[in-house]
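Numbering (UniProt numbering), first residue to last: 1 to 117. Yeah, the Cβ is synthetic: ideal placement off N, Cα and C, and Gly gets one too. Keep in mind it's a predicted model, so treat the numbers as computed, not measured.
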């Protein structure tokens, strides 16, 4: 069996000290980097969620506005057009009856496009 001398003990202590120092340095560096990058990650997620929420809200408002405008282009109680007030049915080029929403499609799209965002 080989004896360990003082030199071996000192060498072993130096290796352990270097390993502990490197591990400690890595942990400190990780802790220092986690704080700013963690804050950035959290800020980015929250702001993305807010932008997504705003976009979804805008899409819902646009869909609601479209439903509101298109709801005016229907047959009223007297059987006329709710959009323009014409009492007779709207006819297409072949003489067939058209629904008021189909007949006034261009006007409906213009009204929706003219709505401020």
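Item, Value
"Taking 8 Å as the threshold (C-beta atoms), are residue 104 and residue 84 in contact?", "yes"
"Suppose contacts are defined by Cβ-Cβ distances below 8 Å. Is residue 101 in contact with residue 56 by that definition?", "no"
"Which value, in whole angstroms, describes the spacing of the CA atoms of residue 24 and residue 11?", "20 Å"
"Can you name, in chain order, every residue of its own chain whose Cβ lies under 6 Å from the Cβ of residue 5, other than the five neighbours on each side?", "none"
"Using DSSP with H/G/I as helix, E/B as strand and the rest coil, what is residue 74?", "coil"
"Determine which residues share a DSSP beta bridge with residue 81 and list them.", "75"
"Buried or exposed for residue 108, going by 16 or more other Cβ atoms inside 10 Å?", "buried"
"Can you tell which of 61, 73, 74, 47 has its C-alpha closest to the C-alpha of residue 116?", "61"
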